[in-house]
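Peer 1: Numbering (the working numbering), first residue to last: 1271 to 1512.
Just so it is clear, CB atoms sit at the ideal spot from N, CA and C, and this is done for glycine as well.
For clarity, every value in this text was computed on a predicted model and none was experimentally measured.
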Amino acid sequence: MDSTSNTPKTAKGELQIEEPTRAERAIGRRAAESRATVPEFELATVVDMSATAQALRELRASTGPEAATSVTAVVVRASALALRAYPRANGAYRDGHYELHGRVNIGVAVTSGEAFVVPTVADADAKSALEIAAALRALAASVRAGTITSAELAGATFTVANLGGLGVTSFSAPVLPPQAAILAVGAVREVAMVRGGDIVPGREMNLTLTCDHRIVFGAYAAEFLARIRELLERPRELLVDG
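1) Does the count of Cβ pairs from the region 1339 to 1355 and the region 1424 to 1439 closer than 8 Å reach three?
2) For the 8 Å Cβ check, are there 3 or more pairs between the region 1412 to 1430 and the region 1368 to 1377?
3) For the candidate residues PRO1290, VAL1345, TYR1356, ARG1330, whose alpha-carbon lies nearest to that of ALA1593?
4) Looking only at its own chain, which residues have a Cβ that is under 6 Å from the Cβ of LEU1495, when we skip the five neighbours before and after it?
5) Let me confirm a value: PRO1471 is counted as buried when at least 16 other C-beta atoms fall within 10 Å, else exposed. Which label applies?
6) Between which two residues does the beta strand (DSSP E) harbouring TYR1368 extend?
7) By Cβ distance, which residues of its chain are closer than 8 Å to ILE1485, with the 5 residues on each side in sequence left out?
8) Would you call the CB atoms of ALA1325 and PRO1444 closer than 7 Å?
9) So, VAL1317 versus MET1475, is the Cβ gap smaller than 7 Å?
10) So is ALA1522 buried or exposed if we call it buried at 16+ other beta carbons inside 10 Å?
11) According to DSSP, ALA1362 sits in a beta bridge with which residue or residues?
12) Would you tell me roughly how many angstroms separate the C-alpha atoms of ARG1292 and ALA1396, rounded to the nearest one?
13) Do ALA1457 and THR1439 have their beta-carbon atoms positioned less than 7 Å apart in this structure?
14) Would you list the residues sitting across from PRO1471 in a DSSP beta bridge?
15) Please say whether ALA1394 and VAL1345 have beta carbons closer to each other than 7 Å?
16) According to DSSP, which residues form a beta bridge with ALA1411?
17) Give me whichever residues DSSP pairs with PHE1311 in a beta bridge.
18) Leaving out five residues before and five after GLY1425 in sequence, what residues of the same chain have Cβ atoms less than 8 Å from its Cβ?
19) Excluding five sequence neighbours on each side, which residues of the same chain lie with their C-beta closer than 6 Å to the C-beta of ASP1482?
20) To the nearest whole angstrom, what separates the beta carbons of GLU1401 and LEU1409, a pair I think is in contact under 8 Å?
21) Do ALA1399 and LEU1508 count as a contact pair if the criterion is CB distance below 7 Å?
22) Count the other C-beta atoms from every protein chain shown that fall within 10 angstroms of the C-beta of LEU1285, then say buried if there are 16 or more, exposed otherwise.
23) For ARG1473 and ALA1350, I'd like the C-alpha separation in whole angstroms.
24) Is ASP1318 helix, strand or coil when you go by DSSP?
25) Once you ignore the five residues that flank ARG1459 on each side, which residues in its own chain have a CB closer than 8 Å to its CB?
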């Protein structure tokens, strides 16, 4: 008998059935939970990354690419510092009250095959950009090797998702309950900018912040996102130790 004889055939052609992996099922459940239970809203801004791109090039030249920081690490540090000043973005809404966390632990979405996992950089507000970059490299290596632990995936109070490395310029991401917000990061791209009446080359990056509207309101979210942008546009503040 033909081994494909039991394969369903439709007007769209042969139908192949695939079962999702455990990680894919978990992602689907969290996405469905977010959309069903969290009243979300989004804000977006454009960051002038010209100074940061130059600072990162200089840092790589002095430390070597294997030890240098990255755009993701700088965004994580900027987010961590902003979360100090805007604690509701680092909190959670539960049963009609607000939970404000004492630690700033930032989850960073890492692709793993066709799915993604979100390991956590604990106490990100107390780490330098170089320390965050080293932590991200170690976590990504553990994800690729399949040795990531449950402790390394737990405790995030805020999440950063960066698809810039895949060429995505702008996107939004669902809040991961019970967190209050998630920051989506697009690619740094070359653009023409006007400075002092002259057109000069520069670099820009899109950020999109998705918030749980029950704990993070419009003006508060706008100020929080503006603080992240301000920090990213002053990279010397981000690249100093501690």
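Peer 2: Looking at the atomic coordinates:
1) yes
2) yes
3) No answer is possible for residue 1593: it lies beyond the span of the chain, which begins at 1271 and ends at 1512.
4) LEU1313, THR1315, LEU1479
5) exposed
6) 1367 to 1370
7) ARG1358, GLY1361, ALA1362, TYR1363, TYR1368, ALA1450
8) no
9) yes
10) No statement about residue 1522 is possible, as the shown extent of the chain runs from 1271 to 1512 and does not include it.
11) GLU1369
12) 34 Å
13) yes
14) ALA1462
15) no
16) Paired residue(s): none; ALA1411 is not in a bridge.
17) CYS1481
18) ARG1373, ASN1375, THR1390, ALA1392
19) VAL1308, TYR1363, VAL1445, ALA1450
20) Not confirmed; about 13 Å, so no contact.
21) yes
22) exposed
23) 23 Å
24) strand
25) THR1439, ARG1473, GLU1474, MET1475
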